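This note's numbering puts the sequence shown at residues 104 to 279. Built from N, CA and C at the ideal position, the CB exists for glycine as well. Just so it is clear, the structure is predicted and the values come from calculations on it, not from any experiment. Here the structure is laid out as structure tokens; the discussion comes afterwards.
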Amino acid sequence: MNDNRNKPATDKRLAATDVSDTGESADRLDRLLRGVHYNLIRLSRHELRELKMTPPRYHVLSHVLRNDPIDMGTLHRAMHVTRSTLTSLVDSLVDDGLLARERDSDDRRRVVLRGTEHGVSALETLRRVRCEHLAVALGTVDANCIKTTEKTLESVVSLLEQKNEGELDGCNAPPV
Numbered sequence: 104m105n106d107n108r109n110k111p112a113t114d115k116r117l118a119a120t121d122v123s124d125t126g127e128s129a130d131r132l133d134r135l136l137r138g139v140h141y142n143l144i145r146l147s148r149h150e151l152r153e154l155k156m157t158p159p160r161y162h163v164l165s166h167v168l169r170n171d172p173i174d175m176g177t178l179h180r181a182m183h184v185t186r187s188t189l190t191s192l193v194d195s196l197v198d199d200g201l202l203a204r205e206r207d208s209d210d211r212r213r214v215v216l217r218g219t220e221h222g223v224s225a226l227e228t229l230r231r232v233r234c235e236h237l238a239v240a241l242g243t244v245d246a247n248c249i250k251t252t253e254k255t256l257e258s259v260v261s262l263l264e265q266k267n268e269g270e271l272d273g274c275n276a277p278p279v
């Protein structure tokens, strides 16, 4: 068996490509990114409650606003939830004035979702609160470490986006 872990690495990039090392790093980063996400949700729970925003509602609203206008079929493929769950989420966002259903101007048979001013405002409020909490935490970290982390995450996001190209919005997994 070829075990490179016991050999000194002559090139840091080569060492980083060791499958066991990258697998362990991926596992740690996955846990850390989820930890950041869950803690930001907890820290913004007051604003979430005020806006009647659950994490699933937040994700649907965010996706619609990023892809405005969007039809239900496209949204369904992107969200990985059952159609009935998505319909319930969208109905509640429409009822609360965060989203609007409209006829597509090019094809009147097609219904699209659009964000409302209230929806945009709610999402901006939540993002601002999340960024404020993140800024406080980052205020304790060395600026060079932050820059390195930003560059690393930008590279990872770029590579994942490339991997998703050609997969219908990168979302071809069945609903959970």
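Apart from sequence neighbours up to five positions away, the residues of its chain that approach R213 with a beta-carbon distance below 8 Å are D174, R206 and D207, ordered along the chain. For E268, the secondary structure class from DSSP, reduced to helix, strand or coil, is coil. For R206, no alpha helix (DSSP H) segment is defined; the enclosing uninterrupted segment is the beta strand (DSSP E) at L202 to R206. Closest by C-alpha distance to R217, out of L226, T243 and P172, is P172. Here the C-alpha atom of S147 lies approximately 25 Å from the C-alpha atom of C248. Taken in chain order, the complete beta strand (DSSP E) segments of 3 or more residues contained in the region 171 to 203 number zero; there are none.
A straight-line Cα-Cα distance of about 10 Å links N142 and L135.
In the three-state reduction of the DSSP assignment, L146 falls in the helix class. In this structure L201 is in contact with G222, their Cβ atoms being roughly 4 Å apart against a cut-off of 8 Å. Here DSSP, grouped into helix, strand and coil, assigns G242 to coil. With a threshold of 16 other beta carbon atoms within 10 Å, V167 meets it and is buried. Judged by DSSP in its simplified three-state form, R212 adopts coil rather than helix or strand. The C-alpha of P159 is placed about 8 Å away from the C-alpha of L192.
With respect to A203, T219 sits close: the two C-beta atoms are nearer than 7 Å. Distances from the alpha-carbon of S165 to those of G138, E150 and L196 put L196 closest. Secondary-structure assignment with DSSP links G218 through a beta bridge to L202. Here A246 is exposed. Its C-beta has fewer than 16 other C-beta atoms within 10 Å.
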